[in-house]
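Residue numbers (mature numbering (1 follows the signal peptide of the UniProt record, and there is no 0)): -24 to -1, 1 to 128. Where a beta carbon is used, it is the ideal one built from N, C-alpha and C, also for glycine. This one's a predicted model, so the numbers in the text were calculated from it and none came from an experiment.
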Amino acid sequence: MKKWHILSFVCFYIICQQLTDARAKSTVDKYSGGFKRFAKWTEKYREITCILPCKEIYVGLYLQNLIESANHFSLIESAFYSIRWAHNLAGVKNPCDSDLISSIVESARRTLSRPIKKKEPVTPDIMIKLFSRYNTSNSTLKDLRLLTIRNI
């Protein structure tokens, strides 16, 4: 019986190694670090007794906690995929597949994403000001042409 226990542990280790090799090392490092941060957060709460599988309400609370302190969506996205990766790796029910977690992540995407700021077009007045500023006796035709190209 004891030999089977050691053998099963070795098989489990080999399978885990194969599963982590399925992703790039940088991805595994990022996801494992993200899951470790989640695990550390759960240590503060006695009622969270199991993190694999974790109840979706606790994952939701963790993501909400991150949303309140984050200034960009990428932090929430990274945490979500880290928790999802760990659950998939362990082969347990994944709380990240729930509608609740998906809604929280989508809400974070909308509230934390920065709007696209389009540049103002260059007006003739701006071009005149640029040429008057940089059109000196040392300027060459090449310099002035470059000034025109950069502002188109």
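In terms of residues, what are the limits of the alpha helix (DSSP H) holding H63?
Counting from 1 along the sequence shown, the entry for residue 63 is found at position 87. Start and end: F49 to A66.
I need the straight-line Cα distance from K95 to S83, nearest angstrom please.
For this step, residue 95 is matched to residue 119 along the sequence shown. For this step, residue 83 is matched to residue 107 along the sequence shown. Cα-Cα distance, rounded: 27 Å.
State the Cα-Cα distance for the pair F56 and R22, rounded to the nearest angstrom.
Mapped onto the sequence shown, residue 56 falls at position 80. Mapped onto the sequence shown, residue 22 falls at position 46. One C-alpha to the other measures close to 22 Å.
Could you tell me how far apart the beta carbons of F14 and S58 are, in whole angstroms, since I believe they sit closer than 8 Å?
For the purposes of this step, residue 14 is taken as the residue at position 38 of the sequence shown. For the purposes of this step, residue 58 is taken as the residue at position 82 of the sequence shown. Sure, about 7 Å apart at Cβ, within 8 Å.
Report buried or exposed for P100, applying the criterion of at least 16 other Cβ atoms within 10 angstroms of its Cβ.
As a working note, residue 100 is residue 124 in the sequence shown. Label assigned to P100: exposed.
Between which residues of its own chain and H48 is the CB-CB distance below 7 Å, once the five residues before and five after are set aside?
By 1-based counting over the sequence shown, the position of residue 48 is 72. Cβ neighbours of H48 beyond the five flanking positions: L88.
Quick check on the DSSP output: the alpha helix (DSSP H) that includes L37 runs from which residue to which?
The sequence position of residue 37 within the sequence shown is 61, counting from 1. E32 to S45 is the span of the alpha helix (DSSP H), which, as asked, contains L37.
Could you give the DSSP three-state label for V4: helix, strand or coil?
In the sequence shown, residue 4 corresponds to position 28, counting from 1. The answer is helix: DSSP assigns V4 an H, G or I state.
Helix, strand or coil: how does DSSP classify L28 here?
For the purposes of this step, residue 28 is identified with residue 52 of the sequence shown, where counting begins at 1. Three-state DSSP puts L28 in coil, outside helix and strand.
Using 8 Å as the Cβ pair cut-off and three pairs as the minimum, do the segment 62 to 69 and the segment 102 to 114 touch?
They do not touch, by the three-pair rule.
In terms of alpha-carbon separation, which member of K69, V68 and I80 lies closest to N41?
Counting from 1 along the sequence shown, the entry for residue 41 is found at position 65. Ranking the options by Cα distance to N41, first place goes to I80.
To the nearest angstrom, report how far apart L122 and R109 are at their CA atoms.
On the sequence shown, residue 122 is found 146 positions in, with the first residue counted as 1. On the sequence shown, residue 109 is found 133 positions in, with the first residue counted as 1. If you take the alpha carbons of L122 and R109, they lie about 14 Å apart.
Is R(-2) helix, strand or coil when you go by DSSP?
Here residue -2 refers to the residue found at position 23 when the sequence shown is read from its first residue. Coil.
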